[in-house]
Structures are given as structure tokens and as C-alpha cells.
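Take a look at the structure below.
In my numbering, the protein residues as written are 12 to 369.
This is the structure we're talking about:
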């Protein structure tokens, strides 16, 4: 079930890795990967968010209402995030502490528990995405508490509310650079009402829609994928955007529209193909199981590879492409080992513990 989604999870994780394993972050690159592909790699997060939404729809369908089901869901989903993150938190904390480079603004408690905070306060900045994951899990758990059958209506209304709020925020100039401090004074705009929540909702509603369709048509979703990624690429590179473009705060609305649409359409393609029993790329499906480990580990190995490259290049003389391939290989191998021997067993123990408690 959801085999093609696992493949998409792998591609999303690798896309993020490609975004970080390129200059100026690393001193080496792989010439066969176009710069545009790596520069757009931040959009792998948007694919992750949509996939998270549709997985929540799939796994909660049929759950009974009430505190027991809601509590089990919340503990399992929160636990899955934490047992995957905490070993890496320890790894990054030790590594950064050893280098005496923990910035004074970093909130270690907030980083450990992943509560919403400014990007600069995370020990590992990419874990801001996990705060959004936990937020959406909390929303879904509340829906389960009062009745899973109301999910489509509740999330639809929530989506409309978020769109309306962001229209107001945009009209009032909250996404302009000169108003950044005001917009980020509280977490309503950058987090609780962020348009990125629409991507989770979109994934959930997509899964519900396709579940009810016996023979959905593939072509419109394929065309939607191609059109939206082309528009997103054009807008990112040609529209003279502020700062880091759609990877940053100022253009998060456009990001959720363009890359969110792409993520929904490409996910729909995967689900429709699976309805037709078309599930290729078995190896990538298995690697998709390790996508969480890939996401959390890649910064560590990229930083280590970049440092080693600088210190040894005059001695070893390996080409940048060799370093790139070696780093990618190490990330994938370690991530699979971490998933198989740490993340998966811990998750199994967590599920058993939750069943005993509830």
C-alpha cells in the first residue's frame, strides 16, 4: 500500500540532499546534475508535506472517535518523529559542541522537543519542518477525537480560513522585507497560519478524493505536474525575488501555490498508477523507508565531507564528482542502516508500549 508514495518520499529526500550538496554549501559538485535541479531542491519539503497529509488520511480512515483512538494516534505520530530525531539531536549536539560553534540564540529545549520557534533557534535548522509535522498531527488528532468522518469538512474549512488570513497578511504587507520583524513577532503568520499548512491539507483531501474515485484519469494530473513545476522554476529564477526566493519567508505564499500544486499533482500520479497496479522502482521504495534518516543525517555527512575535502584535496586530489558520489553513497548507506537497526526497532517498541498504555 502506498508503494509509489515511498518512491516519492525517496525522491523528495534526495532532492533536499541535492539542494545542500552543492556550492556554496560544499566546495564540490556533480557536473551532471543541473544547477537548477539542486537550487530547487528545497521543494522536496513541499512534497514531504503533501505526502504526510495523504498518509494521515490513509492511516486514520475508519478510526473510531474518542480520546483512546486520538491518543494512540498522537502518541504514535509524535513518538515516530521524536525517536527518529533524538539520536540525531545527540549526534549534532556533540559535534557542534566539540567545535564550540553553538550560536547563543539556539534554544536547545525547543530544538529537542521541536516546538515552533524562529529558524535561527533550531540546533539543526532543517528541523523546522518537523515542527510543522507535529502541528498537523495535533490537528488530525483533534479531528479523530470528535469524529474522523468530519475530516474533509473540517480541513476544508481550515484551508479556507488559512487562505483568507494570508490574503489579509499579504494585503497588509506582512510578507515584505521591511515588515519581517513585525510579521515574526508572534508565530501566527510564520507558523500557525502559514500557507504551508495548505500542503498537508491538500495531501489529505487528495487521498480522500482518489479513494472515492474508482477510475481516476491520470493525464490531467501529469499535465498539472509539468505545468506547475515549469511555472515554479520560471518564477524562482526569473521573477527577481527577494533573498532566497521561494525557499525563504517572503515568498512562502507563492511557494505553497506553485510547489504545493506540483507536490499534489505528482502525488496524485503515484496514487493513480498504484490503483492500476503500476508500482515500479522496488529499490527506491525500500530506500523511501529510510527517507526520514536521509533527511536528518545528510547535513552531518555533507559538512564532514566538505571539511575533509578542504583539508585533504591537495594531498589526495580527487575530483569533485568523486567526493559528491562518495558523500551521497555514505548518506544512503548510513541512512538505511539507521532505519533498519535504530529507527524501525525503536518504532516497533514504541507501538507496543502505546498499546499497553492505551
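Every residue gets a Cβ at the ideal spot worked out from N, C-alpha and C, and that includes glycine.
I'd like to check one pair, residue j with residue i: are the Cβ atoms closer than 8 Å?
i           : j           : result
residue 138 : residue 125 : yes
residue 173 : residue 209 : yes
residue 192 : residue 201 : no
residue 144 : residue 212 : no
residue 113 : residue 107 : yes
residue 370 : residue 298 : Look at the range of the chain in this structure, 12 to 369, and you will see that residue 370 is not part of it.
residue 275 : residue 214 : yes
residue 100 : residue 134 : yes
residue 350 : residue 315 : no
residue 290 : residue 14  : yes
residue 127 : residue 198 : yes
residue 16  : residue 281 : yes
residue 154 : residue 80  : no
Where residue i and residue j are concerned, what is the direct C-alpha to C-alpha distance, given to the nearest angstrom?
i           : j           : result
residue 82  : residue 152 : 7 Å
residue 63  : residue 85  : 14 Å
residue 175 : residue 228 : 31 Å
residue 69  : residue 122 : 29 Å
residue 321 : residue 76  : 57 Å
residue 1   : residue 18  : Residue coverage of the chain in this structure runs from 12 to 369, which leaves residue 1 outside it and unanswerable.
residue 185 : residue 265 : 14 Å
residue 32  : residue 47  : 13 Å
residue 285 : residue 255 : 36 Å
residue 369 : residue 72  : 19 Å
residue 326 : residue 247 : 39 Å
residue 332 : residue 40  : 6 Å
residue 52  : residue 232 : 21 Å
residue 164 : residue 334 : 50 Å
residue 367 : residue 90  : 15 Å
residue 116 : residue 196 : 15 Å
residue 244 : residue 60  : 19 Å
residue 258 : residue 30  : 11 Å
residue 362 : residue 136 : 29 Å
residue 319 : residue 181 : 45 Å
residue 103 : residue 119 : 11 Å
residue 146 : residue 328 : 47 Å
residue 348 : residue 109 : 25 Å
residue 267 : residue 58  : 11 Å
residue 352 : residue 183 : 50 Å
residue 412 : residue 239 : An answer regarding residue 412 cannot be provided, because it is not within the stretch 12 to 369 covered by the chain.
residue 251 : residue 292 : 38 Å
residue 190 : residue 157 : 39 Å
residue 341 : residue 249 : 35 Å
Under 8 Å by Cβ, that's how I've got residue i and residue j pegged, so tell me the actual separation to the nearest angstrom.
i           : j           : result
residue 304 : residue 354 : 6 Å
residue 66  : residue 357 : Not confirmed; about 19 Å, so no contact.
residue 96  : residue 307 : 6 Å
residue 188 : residue 111 : About 32 Å separates the two Cβ atoms, so there is no contact after all.
residue 21  : residue 230 : Rounded, the Cβ-Cβ distance is 25 Å, inconsistent with contact.
residue 166 : residue 216 : 6 Å
residue 207 : residue 242 : Incorrect: roughly 18 Å between the Cβ atoms, too far for contact.
residue 365 : residue 87  : 6 Å
Does residue i get closer than 8 Å to chain B when you measure Cβ to Cβ?
i           : result
residue 205 : Judged by its chain identifiers, the structure shown contains no chain B, having just a single protein chain.
Compare the C-alpha of residue i against each of the options and name the closest.
i           : options               : result
residue 78  : 67, 200 and 159       : 159
residue 310 : 280, 257 and 24       : 24
residue 313 : 28, 363 and 14        : 28
residue 37  : 317, 330 and 74       : 317
residue 35  : 287, 133 and 50       : 50
residue 330 : 263, 102, 88 and 42   : 42
residue 219 : 328, 278 and 58       : 278
residue 222 : 103, 287 and 60       : 287
residue 263 : 54, 116 and 335       : 54
residue 98  : 362, 363, 366 and 346 : 346
residue 235 : 245, 335 and 271      : 271
residue 44  : 59, 251, 26 and 61    : 26
residue 203 : 74, 177 and 120       : 177
residue 171 : 205, 182 and 190      : 205
residue 260 : 109, 129 and 102      : 129
residue 161 : 132, 251, 292 and 74  : 74
Going residue by residue through the region 38-77, where are the continuous alpha helix (DSSP H) segments of at least 4 residues, counting only ones entirely within it? 46-50 and 55-71
Mind pulling the alpha helix (DSSP H) runs of 4 or more residues that sit fully within the region 120-166? 139-157
Every unbroken alpha helix (DSSP H) inside the region 276-351 [4 residues or more]: 293-300, 302-327 and 331-349
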